[in-house]
Amino acid sequence: MSNVALLEVNSLSKVYPNGYEALADVSFNLQAGEFVCIIGRSGAGKSTLLRCINGLISTTTGIVRMQGRDITSLNDEQKLLLRRQIGFIFQEFNLVGRLTALQNVLTGRLGYMNNLSALLGYFNANHREKALECLGRVHMLQRATYRADNLSGGEKQRVAIARSLAQEPLLLLADEPVASLDPELSWSVMGDLRNAAKELGVSTLVNIHDIETAKHFADRIIGIAQGRILYDGLPGELSDGLLQEIYRSENPAARSRYDENSQNAELEA
Ligand SMILES: Nc1ncnc2c1ncn2[C@@H]1O[C@H](COP(=O)(O)OP(=O)(O)O)[C@@H](O)[C@H]1O
Ligand SMILES: [Mg+2]
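If you want it as structure tokens, here you go:
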């Protein structure tokens with residue numbers, strides 16, 4: 001068990017229905033408790049990678065294993081279970097605005113409830129305790145009863161982080177979690193995310209545009225350009241030359257061929 005990586009991505013490629021190859025032969029491992037940042041310019045394939053890992057979109061070839069088990073070919077029931085084990089944090093938070101912060105975090109517990117309780121929204125004391133603990137980890141206890149749509153951007157993202165922690169996930173995926181926040185705030189939110197992940201031993205992959213932020217918080221950095229990994233190593237060993245290469249390469253055809261509708265059609269709900 002101890003030698004099995006928490007996440008193993010092996011020769012993963014993703015070709016979208018329009019024929020565009022967004023990921024090509026991507027391989028890396030994530031060990032239990034690691035906090036890894038994925039950098040690369042817009043269009044590099046960062047979001048595609050996270051969506052393939054959590055099964056939001058299908059992979060074309062390659063294998064993704066979690067704790068040694070292939071997760072690219074699961075039945076519906078197994079997929080549901082996998083979703084519970086993977087927390088996802090979005091750039092735009094995706095909270096339910098009319099619910100309170102606490103209610104939003106409680107939705108992270110739904111995967112642990114039977115259908116009837118979930119349907120009735122009956123969260124027992126254990127679920128509430130867990131949700132409050134998670135709000136506390138991101139310093140949001142004092143906002144527990146606020147409606148989500150009355151919170152600031154930074155507060156919303158903290159609540160979204162608490163919601164994903166309430167899932168008690170094995171793996172956290174965060175897609176540009178601080179891209180909508182101003183620089184100072186983004187560091188404090190990243191700090192909370194990292195601290196919580198480290199304290200709980202949750203492995204984390206964070207897509208992030210900003211190199212300085214990535215270097216500051218990551219145990220390890222993966223740099224991708226045009227769907228390929230150009231760097232996988234320590235933040236301190238990433239050379240300026242390689243950084244330039246990661247941020248230079250863009251396939252000019254890619255953007256124009258990208259179409260929101262086909263992306264939505266790809267989502268498997
Ligand atoms: N549904 C889709 N259909 C076709 N091309 C897509 C789709 N989604 C993304 N792409 C393209 O795949 C590439 C990678 O996109 P994405 O993973 O969103 O990059 P990043 O998150 O690094 O900005 C881009 O060139 C993008 O235009
Ligand atoms: Mg993206």
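First residue of the sequence shown? That's 1 in UniProt numbering, and the numbers climb one at a time after it.
Positions of the beta carbon are idealized from the N, C-alpha and C atoms, including for glycine.
Nothing here was measured: the structure is a model prediction, and the numbers come from that model.
Beyond the five residues adjoining it in sequence on each side, G153 comes within less than 7 angstroms, by CB distance, of S180, L181 in the same chain, given in chain order.
The region 26 to 43 makes contact with the region 219 to 237: 3 or more CB pairs, one atom from each, lie closer than 8 angstroms.
By the Cβ test, the region 15 to 28 is not in contact with the region 153 to 168, since fewer than three Cβ pairs between them sit closer than 8 angstroms. Burial check for Y231: the Cβ neighbour count within 10 Å reaches 16 or more, so the residue is buried.
Secondary structure of S58 (DSSP, three-state): coil. Taking 7 angstroms as the cut-off, the beta carbon of I224 is found closer than this to the beta carbon of G40. The three-state reading of DSSP puts F28 in strand, counting E and B together. Y231: member of the beta strand (DSSP E) spanning 228 to 233, first to last residue.
L82 is positioned such that its CB atom lies no closer than 7 angstroms to that of I89. Rounded to the nearest angstrom, the gap between the Cα atoms of E176 and V206 is 7 angstroms. The beta-bridge partner set that DSSP reports for S203 consists of L171.
Within the region 146 to 197, the runs of beta strand (DSSP E) at least 3 residues long that lie entirely inside it are, in chain order, 171 to 175. Sixteen is the threshold: since fewer than 16 other Cβ atoms of the shown chains lie within 10 Å of the Cβ of A125, the residue is exposed.
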